[in-house]
Amino acid sequence: MSHATVEDAPARTGVRVRVQQLGTALSNMVMPNIAAFIAWGLITALFIEQGWLQGIFAGLRDPDGWVAKIGGWGAYDGAGIVGPMITYLLPILIGYTGGRMIHGNRGAVVGAIATVGVVTGADVPMFLGAMIMGPLGGWCMKKLDALWEGKIRPGFEMLVDNFSAGILGMLLAIFGFFGIGPVVSSFTRAAGSAVDFLVENDLLPLTSILIEPAKVLFLNNAINHGVLTPLGTTQALETGKSILFLLEANPGPGLGLLLAYMFFGKGVARASAPGAAIIQFFGGIHEIYFPYVLMKPKLIIATILGGMTGVFINVLFGSGLRAPAAPGSIIAVYAQTASGSFLGVTLSVFGAAAVSFVVAALLLKTDRATDEQDLAAATAEMESLKGKKSSVAGALVGADAGRTGPIRTIVFACDAGMGSSAMGASVLRKKIQQAGFSDVKVTNSAISNLTDTYDLVVSHRDLTPRARQRTASAAHVSVEDFMNSPRYDEIVELLEKTNGEGGAAPVEVEDTADVPGEDVLPLESIVLSGKAKTSAGAIDEAGHLLVTSGAVEPAYVDAMHERESSVSTFMGNGLAIPHGTNEAKDTIRHTGLSFVRYPEPIDWNGKPAEFVVGIAGAGKDHMALLTRIAQVFLKPDEVARLRQATTAEEVKAILTAADK
Numbered sequence: 001m002s003h004a005t006v007e008d009a010p011a012r013t014g015v016r017v018r019v020q021q022l023g024t025a026l027s028n029m030v031m032p033n034i035a036a037f038i039a040w041g042l043i044t045a046l047f048i049e050q051g052w053l054q055g056i057f058a059g060l061r062d063p064d065g066w067v068a069k070i071g072g073w074g075a076y077d078g079a080g081i082v083g084p085m086i087t088y089l090l091p092i093l094i095g096y097t098g099g100r101m102i103h104g105n106r107g108a109v110v111g112a113i114a115t116v117g118v119v120t121g122a123d124v125p126m127f128l129g130a131m132i133m134g135p136l137g138g139w140c141m142k143k144l145d146a147l148w149e150g151k152i153r154p155g156f157e158m159l160v161d162n163f164s165a166g167i168l169g170m171l172l173a174i175f176g177f178f179g180i181g182p183v184v185s186s187f188t189r190a191a192g193s194a195v196d197f198l199v200e201n202d203l204l205p206l207t208s209i210l211i212e213p214a215k216v217l218f219l220n221n222a223i224n225h226g227v228l229t230p231l232g233t234t235q236a237l238e239t240g241k242s243i244l245f246l247l248e249a250n251p252g253p254g255l256g257l258l259l260a261y262m263f264f265g266k267g268v269a270r271a272s273a274p275g276a277a278i279i280q281f282f283g284g285i286h287e288i289y290f291p292y293v294l295m296k297p298k299l300i301i302a303t304i305l306g307g308m309t310g311v312f313i314n315v316l317f318g319s320g321l322r323a324p325a326a327p328g329s330i331i332a333v334y335a336q337t338a339s340g341s342f343l344g345v346t347l348s349v350f351g352a353a354a355v356s357f358v359v360a361a362l363l364l365k366t367d368r369a370t371d372e373q374d375l376a377a378a379t380a381e382m383e384s385l386k387g388k389k390s391s392v393a394g395a396l397v398g399a400d401a402g403r404t405g406p407i408r409t410i411v412f413a414c415d416a417g418m419g420s421s422a423m424g425a426s427v428l429r430k431k432i433q434q435a436g437f438s439d440v441k442v443t444n445s446a447i448s449n450l451t452d453t454y455d456l457v458v459s460h461r462d463l464t465p466r467a468r469q470r471t472a473s474a475a476h477v478s479v480e481d482f483m484n485s486p487r488y489d490e491i492v493e494l495l496e497k498t499n500g501e502g503g504a505a506p507v508e509v510e511d512t513a514d515v516p517g518e519d520v521l522p523l524e525s526i527v528l529s530g531k532a533k534t535s536a537g538a539i540d541e542a543g544h545l546l547v548t549s550g551a552v553e554p555a556y557v558d559a560m561h562e563r564e565s566s567v568s569t570f571m572g573n574g575l576a577i578p579h580g581t582n583e584a585k586d587t588i589r590h591t592g593l594s595f596v597r598y599p600e601p602i603d604w605n606g607k608p609a610e611f612v613v614g615i616a617g618a619g620k621d622h623m624a625l626l627t628r629i630a631q632v633f634l635k636p637d638e639v640a641r642l643r644q645a646t647t648a649e650e651v652k653a654i655l656t657a658a659d660k
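Letter by letter, the sequence shown follows residues 1 to 660 of full-length UniProt numbering.
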């Protein structure tokens, strides 16, 4: 019964991870094209019939007037610039970017062709269709190229490449025109009807219950540009403004939250809040306040109530924007505010900020926690959700806070010092050496063995407070994804600041350590098709292999579960490396590893794990093999080979090959 609760939790977190991955993918298609949204928004604000220039050049509202020609009065008939930009340019840019994400330039071209089909097959702005057809085009092109990779005779490559892309693009464009376009148009009309229902029944403020949490999950751009912008655009072209542009972009809720931290927060969170507030409110980078919510998730209540207040005021005053405010800066909001809406928009922003401030202040003031909030750890979690480094958040809580001297020693610390830290140190060491800092020493250690002699300490975000207690004089960096954390790039940047340019030209580093003997990873400890369905079951499976091989006593498996309950051993890139606690080392008879591959990924504390490597390290003779394993899982091609391997001998060869 004790494992039932543990096994039930991952199902919920698995849904969360899939939602986050979808939101990140959709956002990555939109964000590179924000400049095009701004250009279209400014043209719309200036030249549509209800635009800024309509009063000044009212006499030119005729077919020959230049203002009318640019805007195309009544715009969505395709006249002027406004209609073609929203109909063709913006969706095709999104489709191009989506295809490029999947398969480079070839995927981008096919994605753009496919998007044209869905655009011309619909009667509404087709952002959602572009978000479908762009990646679909890139994926199809990638699969098609893989079919004859290495099989084309020399001299015919260009012919095959061009015709295959052209034919595939044609087919997808036709599919988009007859299939996806009408479906997405129907969805958009249904969503519009739902919005009309909410407006007519005074329920629109309830959308903040969805939108504000979605921001923290990085679904804000998907919701804003994928759903609200197409609906708002249609509405704005008919009435001259739309409240939908303000549902997500209102900077008020975030401002109120950060102001509350300025007065009632603690430590680094309180000190950094003023700078974050300026970036969020004037720069429009809303993600700057996400770590402050992640530190205390109950504060999402403050942003929800603030968002609801802002929407309610806009409904009350009938205010709206002419075009999307991107990014969500107060400057961008005012630039797109429709005539007659400035009072309502202003009250909605500052009303939202006031309510968010009051609620957040109350929650912070009555919070019983006495520990200082770890903003760096929360930022690491946010970057993990986002999938890449956040430059604005890193500027506030980066590893170089307060550090002036050069960094010569870096230690990667974990609970036991035998698995997570060893692999993390291997990945970080290679990245630092490739940057030319060969004089920087990167080691790993159990937290209990740390001494205050290191310049920089890297640890899992849940272990950072313990690491700080033992290494108070060091700079600290919190990570969550050990294999490819965005923080590793931040550490390299820090070295460039503190140590100067790399002492040597960047080199391609190869691991030359001796791989340990056959007994560390015996063939009988390699399983190609695991039976477990949960992380707890996978730990049992990997642990049983260690017991069977004679590497550990049965009690070590319990220590593996205990280790997992404190800090996740998920490393990233589909790999988990469960191992025992530091206190359980006396149950290890000799160093041993086990390897289990799962046909269906296991939900590992919210992350998908396909490969589980059980670790029992009696000394340091397993470190070389762990280093090799880390390098394997940094390379998608090697991971694909592991996924396709049919024998234990193949797996062994991949993991222990001399040249990685």
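Cβ coordinates follow ideal geometry from the N, Cα and C atoms, glycine included. Keep in mind it's a predicted model, so treat the numbers as computed, not measured.
Original post:
Are the segment 450-469 and the segment 432-439 touching by the rule of at least three beta carbon pairs closer than 8 Å?
Top reply: No, because fewer than three Cβ pairs between the segment 450-469 and the segment 432-439 fall closer than 8 Å, the two stretches do not touch.
Subject >> Rounded straight-line distance, which links the Cα of Lys266 to that of Glu372 >> reply: Low confidence applies here, because Glu372 scores a pLDDT of 48, under 50, leaving its location unreliable and the question unanswered by this model.
Original post:
What residues are listed by DSSP as bridge partners for Thr337?
Top reply: Looking at the DSSP assignment, Thr337 forms a beta bridge with Leu321.
Original post:
CA-CA distance, Glu649 and Gly107?
Top reply: Here the alpha carbon of Glu649 sits roughly 36 Å from the alpha carbon of Gly107.
**OP:** Could I get the ranges of all uninterrupted beta strand (DSSP E) runs contained in the segment 454-479, with 3 residues as the minimum, in chain order?
**Re:** If we require 3 residues or more, the beta strand (DSSP E) runs fully inside the segment 454-479 come out as 456-460, 475-479.
Original post:
For Thr587 versus Ala555, is the C-beta distance shorter than 9 Å?
Top reply: Contact flag set, yes.
**OP:** Could you work out which residue in Val227, Leu203, Gly155 is closest to residue 692 when comparing CA atoms only?
**Re:** Only positions 1 to 660 of the chain appear in the structure, and residue 692 is not among them; the question remains open.
**OP:** Going by CA-CA distance only, name the one from Gly83, Val315, Lys143, Gly134 that's closest to Asp202.
**Re:** Ranking the options by Cα distance to Asp202, first place goes to Val315.
Original post:
What are the boundary residues of the beta strand (DSSP E) that includes Ile410?
Top reply: Here the beta strand (DSSP E) through Ile410 covers 409-414.
Subject >> Endpoints, beta strand (DSSP E) assigned at Met170 >> reply: If you look at Met170, you'll find it isn't in any beta strand (DSSP E); it sits in the alpha helix (DSSP H) that goes 157-175.
**OP:** Kindly indicate the opening and closing residues of the alpha helix (DSSP H) around Met101.
**Re:** According to the DSSP assignment, Met101 belongs to the alpha helix (DSSP H) that extends over 90-120.
Subject >> Cβ contact check for the segment 112-130 and the segment 152-164: 3 or more pairs under 8 Å >> reply: Contact fails: fewer than three Cβ-Cβ distances are below 8 Å.
**OP:** Classify Ser124 as helix, strand or coil using the three-state DSSP reduction.
**Re:** For the record, residue 124 in the displayed sequence is Val; it is not Ser. Three-state result, Val124: coil.
**OP:** List the whole-angstrom C-beta distance separating Ala325 from Ala236, where the pair is believed to meet the contact cut-off of C-beta under 8 Å.
**Re:** About 12 Å separates the CB atoms of Ala325 and Ala236; that is not less than 8 Å, and the two are not in contact.
Original post:
Among Ile152, Asn250, Thr229, which has the Cα closest to the Cα of Thr309?
Top reply: Looking at the Cα atoms, Asn250 is the closest of the given residues.
**OP:** Label Leu642 either buried or exposed according to how many other C-beta atoms from any shown protein chain fall within 10 Å of its C-beta, with 16 as the threshold for buried.
**Re:** Counting Cβ neighbours within 10 Å, Leu642 comes out buried, since at least 16 surround it.
Original post:
First and last residue of the alpha helix (DSSP H) that includes Ala446?
Top reply: No alpha helix (DSSP H) holds Ala446; the beta strand (DSSP E) holding it covers 441-446.
**OP:** Quick one: measure Cβ to Cβ for Ala260 and Phe357, integer angstroms, because I've assumed they're closer than 8 Å.
**Re:** About 5 Å; that satisfies the 8 Å criterion.
**OP:** Keeping to the same chain, check which residues put their C-beta closer than 7 Å to that of Leu168; ignore five residues upstream and five downstream.
**Re:** Once the five neighbours on either side are set aside, the close Cβ partners of Leu168 are Val110, Cys140, Met141, Leu144.
Original post:
Can the beta-carbon of Leu495 be found less than 9 Å from the beta-carbon of Val458?
Top reply: Not a contact, by the Cβ cut-off of 9 Å.
Original post:
Distance, Cα to Cα, Leu278 vs Asn28?
Top reply: Inspection of the sequence shows that residue 278 is occupied by Ile rather than by Leu. Each residue's CA atom was taken as its position, placing Ile278 and Asn28 some 24 Å apart.
Original post:
Is the beta carbon of Pro296 less than 9 Å from the beta carbon of Leu362?
Top reply: Looking at the sequence shown, residue 296 is not Pro but Lys. The answer is no: Cβ separation not under 9 Å.
Subject >> Residues of its chain near Ala616, where Cβ-Cβ distance is below 6 Å and the 5 sequence neighbours each way are ignored >> reply: Sequence-distant Cβ neighbours of Ala616 in its own chain, meaning closer than 6 Å and more than five residues away, are Leu546, Ala551, Val552, Ile588, Gly592.
Original post:
Based on Cα-Cα distance, which residue from Arg408, His579, Leu456, Phe595 lies nearest to Gly500?
Top reply: Residue Arg408 is the option with its Cα nearest to Gly500.
**OP:** Please report the Cβ distance between Gly121 and Phe178, rounded to the nearest whole angstrom; I am assuming they are in contact, meaning their Cβ atoms lie under 8 Å.
**Re:** With a Cβ gap of about 6 Å, Gly121 and Phe178 count as contacting.
**OP:** Please report the residue range of the alpha helix (DSSP H) in which Met560 lies.
**Re:** Its alpha helix (DSSP H) spans residues 555-566.
Original post:
With a CB to CB cut of under 6 Å and the five nearest residues on each side skipped, what residues in its chain are close to residue 661?
Top reply: Within the shown structure, residues of the chain are numbered from 1 to 660, placing residue 661 beyond reach of any answer.
Subject >> Presumed contact (8 Å Cβ cut-off) between Ala532 and Leu575, rounded CB distance >> reply: Beta-carbon to beta-carbon, Ala532 and Leu575 are separated by about 15 Å, too far to satisfy the 8 Å threshold.
Original post:
Does the separation of the CB atoms of His286 and Gly318 fall below 9 Å?
Top reply: No; because the gap between Cβ atoms is not below 9 Å, this pair is not in contact.
Subject >> In chain order, each alpha helix (DSSP H) run of at least 4 residues that lies wholly inside the segment 247-330 >> reply: The segment 247-330 is shown to contain whole alpha helix (DSSP H) runs of 4 or more residues at 252-264, 267-278, 290-295, 300-317, in chain order.
Original post:
Do you know whose CA, among Val349, Gly99, Ser339, lies nearest Ile330's CA?
Top reply: Answer by Cα proximity: Val349.
Subject >> Ser478 burial status per 10 Å Cβ neighbour count (16 or more: buried) >> reply: Counting Cβ neighbours within 10 Å, Ser478 comes out buried, since at least 16 surround it.
Original post:
Which whole-angstrom value describes the C-beta separation of Gly117 and Leu172, a residue pair presumed to lie in contact below a C-beta threshold of 8 Å?
Top reply: Gly117 to Leu172, Cβ: 7 Å. Contact.
Original post:
Skipping 5 residues on each side, what residues in its chain have a beta carbon closer than 6 Å to that of Ala653?
Top reply: Excluding residues within five positions, none has a Cβ falling inside 6 Å.
**OP:** Out of Leu204, His103, Ile43, Pro135, state which residue places its alpha-carbon closest to the alpha-carbon of Ala25.
**Re:** Looking at the Cα atoms, Pro135 is the closest of the given residues.
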